[in-house]
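Participant: I am attaching a structure below and will ask some questions about it afterwards.
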Amino acid sequence: MARVKIENLKKYFGNVKALNGIDIEIKDGKFVVLLGPSGCGKTTLLRCISGLEKVTDGKIFFDSVEVTNLSPRNRNVSMVFQSYAVWPHMKVYENIAYPMRIKGYDKDKIKEKVVWAADTLNISELLNRYPAQLSGGQRQRVAVARAIVLEPAVLLMDEPLSNLDALLRVSMRSELKKLQERIGTTTIYVTHDQVEAMTMGDEIAVMHNGVIQQFGTPEDIYHRPANIFVAGFIGSPQMNFLEVEVIRKDNVLFLRNEDLSIKLPKDLAEKIENDDNKKLILGIRPEDIHKEKDKESTEFEAIEGKVYFTERLGSDTIVHLDFKGIRIVSKLPGDVKIKEGENLKMYMDLGKVHLFSTVDGKALI
Amino acid sequence: MIKKVFIVFVSILVIVWFLTPVVLIVLASLTPSEDYYNQNRILPRKLTLDHLYKLFVVLNGWRATLNSLQVAGMAIGLSFLTGLPAGYVLTRYVFPGKNAIRLSILLTRSFPTLIIAVPLIMIYLKLGISDTLFSVALAHTSFILPFVVLITTSILSGISVEYEEAGMIFGLSRFGAFMRITLPLALPGLAASAIFAFIMSWNEVFISSILTFVNRTLPAQILNTAMTSPDYFKFAAGTIMAIPAMTFIFFTRKYLMSMWGISLK
Amino acid sequence: MTYRKDAFPYLILLPTIVYLIAFLGYPLIQTFILAFTSESGTFGNFQRLMDTGDFWKALKNTILITGIIVPLQLVLAIALALFVNMRFKGYSLILYIISIPLALSDVSAALMSYNIFAPTGYLNKILLKLGVLDRPLYFFGYMFQNREFWIIVLTEVWRATPLVFVIILAGLQSINKEYLEAADVFGFSNWQKLRKIILPLLKPSIMSALLIRTLFAFQIFGVVWLLAGRDILILAGEAYYWHNNVNDPHMSSAYAIVIASVSLAISWFYISILRSKELEGGQK
Chain L
421 MARVKIENLK
431 KYFGNVKALN
441 GIDIEIKDGK
451 FVVLLGPSGC
461 GKTTLLRCIS
471 GLEKVTDGKI
481 FFDSVEVTNL
491 SPRNRNVSMV
501 FQSYAVWPHM
511 KVYENIAYPM
521 RIKGYDKDKI
531 KEKVVWAADT
541 LNISELLNRY
551 PAQLSGGQRQ
561 RVAVARAIVL
571 EPAVLLMDEP
581 LSNLDALLRV
591 SMRSELKKLQ
601 ERIGTTTIYV
611 THDQVEAMTM
621 GDEIAVMHNG
631 VIQQFGTPED
641 IYHRPANIFV
651 AGFIGSPQMN
661 FLEVEVIRKD
671 NVLFLRNEDL
681 SIKLPKDLAE
691 KIENDDNKKL
701 ILGIRPEDIH
711 KEKDKESTEF
721 EAIEGKVYFT
731 ERLGSDTIVH
741 LDFKGIRIVS
751 KLPGDVKIKE
761 GENLKMYMDL
771 GKVHLFSTVD
781 GKALI
Chain S
389 MIKKVFIVFV
399 SILVIVWFLT
409 PVVLIVLASL
419 TPSEDYYNQN
429 RILPRKLTLD
439 HLYKLFVVLN
449 GWRATLNSLQ
459 VAGMAIGLSF
469 LTGLPAGYVL
479 TRYVFPGKNA
489 IRLSILLTRS
499 FPTLIIAVPL
509 IMIYLKLGIS
519 DTLFSVALAH
529 TSFILPFVVL
539 ITTSILSGIS
549 VEYEEAGMIF
559 GLSRFGAFMR
569 ITLPLALPGL
579 AASAIFAFIM
589 SWNEVFISSI
599 LTFVNRTLPA
609 QILNTAMTSP
619 DYFKFAAGTI
629 MAIPAMTFIF
639 FTRKYLMSMW
649 GISLK
Chain R
196 MTYRKDAFPY
206 LILLPTIVYL
216 IAFLGYPLIQ
226 TFILAFTSES
236 GTFGNFQRLM
246 DTGDFWKALK
256 NTILITGIIV
266 PLQLVLAIAL
276 ALFVNMRFKG
286 YSLILYIISI
296 PLALSDVSAA
306 LMSYNIFAPT
316 GYLNKILLKL
326 GVLDRPLYFF
336 GYMFQNREFW
346 IIVLTEVWRA
356 TPLVFVIILA
366 GLQSINKEYL
376 EAADVFGFSN
386 WQKLRKIILP
396 LLKPSIMSAL
406 LIRTLFAFQI
416 FGVVWLLAGR
426 DILILAGEAY
436 YWHNNVNDPH
446 MSSAYAIVIA
456 SVSLAISWFY
466 ISILRSKELE
476 GGQK
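Residue numbers (this note's numbering), protein chains in the order written: chain L, 421 to 785; chain S, 389 to 653; chain R, 196 to 479.
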C-alpha cells in the first residue's frame with residue numbers, strides 16, 4: 421500500500437501532448453477514478469504510473485520513493501487490463517500463481533495465496549480450467565485475483581468493466597468496490613463511464629486534453645464543478661448553459677440576455693460583486709428546473725416555452741423545452757402529465773445555479 | 389438434392405484433377421522398370437522401392453536431399469534470427485519511418501529473384517564461398533527473410549499486446565515477457581511459417597542450380613541430371629521432392645490462407 | 196503499441212535492412228552493370244540480344260504462355276473458389292487437395308506432367324489399351340513443339356491455379372454476408388448475385404491475383420526447361436542458358452534486365468488500373 425504522488429508529469433507522442441502537466445496526490449488506501457472522454461489521457465496516465473509507458477517529463481513517487489524511471493516489474497504495481505489479459509496458455513491456477521513464481525515464492529506459500537485469492541473472487545472451482553473455457557465475467561475475476569494476490573503497493577485498473585454486459589457490470593461495480601475496501605490497496609481506476617466513477621470512487625480526477633480538470637470527491641465534482649468542462653461532462657442529461665451578462669441596476673445585480681433577466685439572490689450576488697457588465701455562462705442542471713415552486717425557502721426564476729420533445733424513462737421524464745429558440749432540458753418525475761406541443765412554465769432553482777467565466781471556463785461560484 | 393449431387397460431382401472432378409498427377413508419379417516411382425516400359429501394363433504387377441533406393445543411395449540422391457535440408461535449415465535459421473525481432477519491432481513500436489521500412493520490405497516480394505543470381509556468384513567468389521551450401525542459403529534468405537518479417541508482423545499483431553504487458557507488470561522484463569508469454573502463444577503460427585519457408589527453399593531451383601556445381605540441392609540436381617537419366621529415376625526424384633512438401637502443407641493447412649496471403653503480397 | 200523515439204527499433208531492424216541491401220540491392224546494381232558492359236559499348240549486349248532471333252522467339256513465347264495461362268487460371272480459380280465457398284460438409288478436405296500443387300516445385304510438377312504424357316506414360320498406355328491408338332502419341336521433342344507448348348500450358352494451369360484460387364477465396368470470405376442477404380431480400384437470382392455483387396466486390400482480389408500471376412508467369416522457367424529444354428525458348432530459360440551453357444554473364448544479365456523491366460511495366464500497368472478505379476470510386 422502506498423501514497424502516489426505525481427509531479428508535473430508530461431507525456432508526448434511526437435507532437436501530440438497526451439499528458440500536459442499532471443499534478444496529483446493520491447492518499448494511501450484510496451480508490452481514485454480517472455474519468456474523462458476518450459483521448460483525454462487517462463489511460464496514458466495509468467500506463468505511466470504502471471511503468472509501461474516512459475514519461476517525457478515529470479516525476480512519480482510511491483510513498484517517498486521515486487519510481488519514474490523504474491521498469492514495471494520493479495514498481496510493485498499490479499494491473500487489471502481492459503481485455504483482462506489472462507494468459508491463454510496457462511490454466512487459471514497458473515495465471516494467478518505465475519507472478520509469485522517469477523518472484524520466487526515457495527510452493528506452499530503460492531498455493532496458500534492462490535487459494536485465498538480464488539476464494540476472495542469466488543473462482544475456486546475454476547482453477548483447473550483454461551481461460552478459453554471461461555465466460556467474460558469469470559475471466560475478469562481471474563484477472564482481479566491475479567492482480568491482488570501479490571498485495572501490490574498500487575492496484576491499477578484500465579476500464580475493467582467495459583467488456584461486460586450491463587447487468588454484470590452493475591454487480592461487479594459494488595463487488596470491486598467492496599473488495600478494495602476489504603484489502604485496502606491504493607487503487608487507480610480508469611473509466612469513461614461517469615456512473616461507474618461516481619459510485620466507485622472515493623475521489624475522482626476528471627481529465628480532459630491531457631490535464632486534470634478537477635480532483636475531488638464525487639460530491640464535489642457533481643455539485644461544485646470547477647469549470648464548464650466538468651459541469652458539462654458530469655451529469656445526465658447534460659447541464660443547461662445560457663450566456664448572460666451581469667448588469668447592475670439600483671445596486672441590485674441582474675443576469676441578463678435578450679430573453680431573460682434574473683435578479684440574483686444576495687448570497688450569489690456577493691460572489692460576483694466585481695463582475696459588472698461581464699459576460700458569463702450560467703449553468704443549471706436539468707433536475708434543478710421544476711414544474712412547480714415546491715420549496716418556499718429558495719428563490720426561483722420562471723421560464724416559459726413550448727414542450728418540444730419528451731423522453732419518458734419510467735422513473736423520470738426528460739422534457740426538452742423550446743425557450744425562445746434555446747433548448748432547455750429538465751428532468752421531471754416519471755408520472756408528470758405533459759404533452760408535447762403544450763406551453764409550459766417552469767422554475768429554475770436559483771440556489772443551484774452555476775456561473776462560469778466565458779474567458780477560461782472556470783467556475784465563479 | 390440436386391445441389392448435393394452437384395457438390396459430389398464437382399468434388400470428384402476436383403479430386404481427380406488435382407490428385408491424379410500426384411498419385412501417378414508415386415505409382416510410377418514404385419513400378420518395376422520392366423512393367424514401366426511394357427506398353428500393355430498400366431498397373432504394375434508388384435511395387436518396388438528399387439528406384440527410390442537407387443536414386444537415394446547409389447546415385448547419391450541422399451546427398452542432394454541432405455544438401456536441400458541443410459540449405460533450408462540455414463535459410464530458415466538466418467531468416468528467423470533476423471526477421472523475428474524485426475517483425476516484433478514493426479508490430480509493437482511506433483517510430484518515424486516505420487511505414488516506409490515496412491513498404492520497402494513488402495516491395496522486395498515483387499522482385500524477380502532470378503535477376504540477382506548472376507552477380508551473386510561473383511560476390512561469392514570474392515568472399516570465397518562460391519559453390520557452397522551456405523552461399524545458396526544466403527541467396528534463399530534474401531527472399532525468405534522478407535516473408536518472415538511480414539508473417540511475424542501479422543502473427544504478432546494477432547496476439548494482444550496486453551498479454552505481454554501483463555507479464556511486464558507481474559515481474560518479467562520486456563524480453564522475458566516476449567519469451568515466456570508472446571512466443572509460446574505465437575509458436576503454432578511461427579511453426580507454420582517456418583514450414584512455408586522450408587517449402588520455399590526446398591522448391592527453389594533457378595538460383596540453386598546457377599550458384600552450385602558440386603554441392604547441388606535436390607531440385608538443382610534433378611534439373612541438371614533428370615533429362616539424361618531413365619524415366620523411372622525422374623519419377624522417383626519427383627516423388628522424393630513432392631512428398632515432404634505435401635505432408636508439411638497438410639499439417640499447416642489451417643494457416644494456408646494467411647500464409648499465402650502474406651507470401652504473395 | 197509503444198512509441199519510441201530512440202534508436203532501439205532501428206537497431207533491431209538494422210540486420211534485416213543491411214541484409215536486404217547486401218543480397219538484393221547490391222546484386223541488383225551488379226546485374227545492371229553486367230548487362231550494360233560489353234566490348235561494343237553500353238548497349239552492346241542488348242544490341243546483340245535483339246539481333247538474335249532467339250530473343251524475339253523467347254519474348255513471343257513468354258508473352259504467349261502468360262497470355263494463355265493467366266486468364267485460364269483466373270476463370271478456373273474463381274469457379275473453384277465459389278464452389279469451395281459453399282462450405283459443404285468436407286469442404287476443408289477439398290481445400291487441402293486444391294492446395295497441394297502450392298507445395299510442389301515447378302520441377303516436380305513438370306515431372307508429374309512428363310509421367311503422364313511421356314511415350315511410355317500413363318496417357319499413352321491407357322489410350323493404347325483402349326485401342327484408341329495403335330502406336331504411342333509423342334508429346335515431347337523438337338518436332339512436336341506445338342504439343343509441347345500445350346503440355347506446358349496444361350501443367351502450368353494445374354500447378355498455379357491454386358495460387359489464384361487462394362487469393363480469390365480469401366477475397367470471397369471477406370465479403371460481408373449481409374450484402375448477399377440483402378440481395379436475397381430483393382430477389383436477386385444467383386447469376387445476378389455473382390455479376391452485380393460478388394464479382395465487383397472481388398475486383399481488388401482479382402487484380403492482385405492477376406498481378407502476381409502475370410509476374411510469376413513471366414519468370415516461368417522450371418516447367419519449360421524440364422519438359423521442352425530449348426525447344427521452346429523463354430526469357431528466363433535464355434538467361435539460364437547464356438549463363439550456364441555459354442558462360443556469358445553479360446548476356447544472361449541482359450535477359451534478366453528485360454524480364455525485370457517487363458515485370459515492372461506489368462506491375463505499373465495493373466497498379467495504375469487499380470489506382471484509377473479507386474479514384475473513380477472516390478469521386479462518386
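Just so you know, even glycine gets a beta-carbon here, dropped at the ideal spot from N, CA and C.
Mind reading off the beta-carbon distance from R:PHE360 to R:ALA276? Whole number of angstroms is fine, and I expect it under 8 Å.
Facilitator: Between R:PHE360 and R:ALA276 the beta-carbon gap is near 6 Å, inside 8 Å, which marks them as a contact.
Participant: What's the call for L:ALA552, buried or exposed, on a 16-neighbour Cβ count within 10 Å?
Facilitator: exposed
Participant: Step through the CB atoms of chain L and report whether any lies within less than 8 Å of the CB of S:SER548.
Facilitator: yes
Participant: Answer yes or no: does any C-beta atom of chain L fall closer than 8 Å to that of S:ILE569?
Facilitator: Nearest CB-CB separation between S:ILE569 and chain L: below the 8 Å threshold.
Participant: Which chain R residues sit within Cβ distance under 9 Å of S:PHE566?
Facilitator: Within 9 Å Cβ-Cβ: nothing; S:PHE566 doesn't reach chain R, min ~12 Å.
Participant: Taking the alpha helix (DSSP H) that R:ILE264 falls in, what are its first and last residues?
Facilitator: 248 to 279
Participant: Under 8 Å, with one C-beta from each stretch per pair, do the segment 443 to 462 of chain L and the segment 601 to 611 of chain L reach the 3-pair mark?
Facilitator: yes
Participant: Secondary structure at L:LEU550, three-state DSSP: helix, strand or coil?
Facilitator: A small correction: the amino acid at residue 550 of chain L is Tyr; Leu does not occupy that position in the sequence shown. Looking at L:TYR550 - three-state DSSP - the assignment turns out to be coil, as it is neither helix nor strand.
Participant: Report the CB separation of L:GLU724 from L:ASN763 in whole angstroms; it is logged as a contact under 8 Å.
Facilitator: 7 Å
Participant: Taking DSSP as the reference, what is the three-state secondary structure of S:LEU495?
Facilitator: Per DSSP, reduced to three states, the secondary structure at S:LEU495 is helical.
Participant: For the segment 444 to 464 of chain R, which residues have a beta carbon sitting closer than 8 Å to at least one beta carbon of chain S?
Facilitator: PRO444, SER447, SER448, ALA451, ILE452, ILE454, ALA455, SER458, SER462
Participant: Which residues mark the beginning and the end of the alpha helix (DSSP H) in which L:LEU775 is found?
Facilitator: No alpha helix (DSSP H) contains L:LEU775, which is instead part of the beta strand (DSSP E) from 774 to 777.
Participant: What does R:TRP420 touch in chain S if you count any residue whose Cβ is under 8 Å from its own?
Facilitator: LEU611
Participant: If we ignore side chains and look at the alpha-carbon of each, how far apart do L:PHE743 and L:THR778 end up?
Facilitator: When rounded, the distance between both Cα atoms is 22 Å.
Participant: For the alpha helix (DSSP H) that contains S:ASN455, what are its first and last residues?
Facilitator: 449 to 480
Participant: Candidates R:ILE216, R:SER303, R:ILE273, R:VAL348: which alpha carbon is nearest R:ILE264's?
Facilitator: When each option's Cα is compared against that of R:ILE264, the closest is R:VAL348.
Participant: Taking R:ASP379 as the query, report the chain S residues whose CB atoms sit under 9 Å from its CB, ordered along the chain.
Facilitator: Within chain S, no residue comes near R:ASP379; the closest Cβ sits about 16 Å away, beyond 9 Å.
Participant: Among residues of its own chain, excluding the 5 on either side of R:ASP249, which ones have a beta-carbon nearer than 7 Å to its beta-carbon?
Facilitator: LEU428, GLU433
Participant: From L:TRP507 to R:ALA305, what distance separates their C-alpha atoms?
Facilitator: In a straight line, the C-alpha of L:TRP507 is about 48 Å away from that of R:ALA305.
Participant: Within the continuous beta strand (DSSP E) that includes L:ASN763, where are the two ends?
Facilitator: 763 to 769
Participant: Tell me the DSSP secondary structure of R:GLU376 in three-state form.
Facilitator: helix
Participant: Is L:VAL756 helix, strand or coil when you go by DSSP?
Facilitator: L:VAL756 falls in the coil class under three-state DSSP.
Participant: Based on Cα-Cα distance, which residue from R:MET281, R:ILE321, R:TYR436 lies nearest to S:VAL396?
Facilitator: R:MET281
Participant: Under 8 Å Cβ-Cβ, which residues of chain S neighbour L:TYR518?
Facilitator: PHE558
Participant: With a cut-off of 8 Å on the beta carbons, I'd call S:GLY471 and S:THR540 a contact; round off their distance for me.
Facilitator: 6 Å
Participant: Using a Cβ-Cβ distance cut-off of 8 Å, determine whether S:LEU706 contacts chain R.
Facilitator: Outside the displayed span of chain S (389 to 653) sits residue 706 of chain S, for which this structure offers no information.
Participant: In terms of residues, what are the limits of the beta strand (DSSP E) holding S:ILE543?
Facilitator: It is not in any beta strand (DSSP E) - S:ILE543 instead sits in the alpha helix (DSSP H) that spans 521 to 545.
Participant: Is there a Cβ of chain S sitting closer than 8 Å to that of R:SER300, yes or no?
Facilitator: By this cut-off, R:SER300 is an interface position.
Participant: Using only the alpha-carbon positions, how far apart do L:LEU465 and L:GLY557 sit?
Facilitator: Each residue's alpha carbon lies about 26 Å from the other.
Participant: Just the Cα atoms here: how many angstroms apart are S:PHE394 and R:VAL279?
Facilitator: Cα to Cα, S:PHE394 sits roughly 12 Å from R:VAL279.
Participant: Out of S:VAL536, S:MET462, S:SER523, point me to the one whose CA is closest to S:PRO473's CA.
Facilitator: Taking only the C-alpha atoms, the option nearest S:PRO473 is S:VAL536.
Participant: Within the same chain, show all residues whose beta-carbon is closer than 7 Å to that of L:VAL756, passing over the 5 residues directly before and after it, in chain order.
Facilitator: LYS711, THR737
Participant: Give a yes or no on whether the minimum CB-CB distance between S:GLN427 and chain R is below 8 Å.
Facilitator: yes
Participant: Should the segment 517 to 529 of chain S be regarded as contacting the segment 430 to 441 of chain L, the criterion being three or more beta carbon pairs within less than 8 Å?
Facilitator: no
Participant: In whole angstroms, give me the CA-to-CA distance for R:ASP329 and S:ARG429.
Facilitator: Distance between the alpha carbons of R:ASP329 and S:ARG429: 15 Å.
Participant: Excluding sequence positions up to five away, which residues of its chain have a Cβ less than 6 Å from the Cβ of R:ILE468?
Facilitator: The answer is none, since no qualifying residue turns up.
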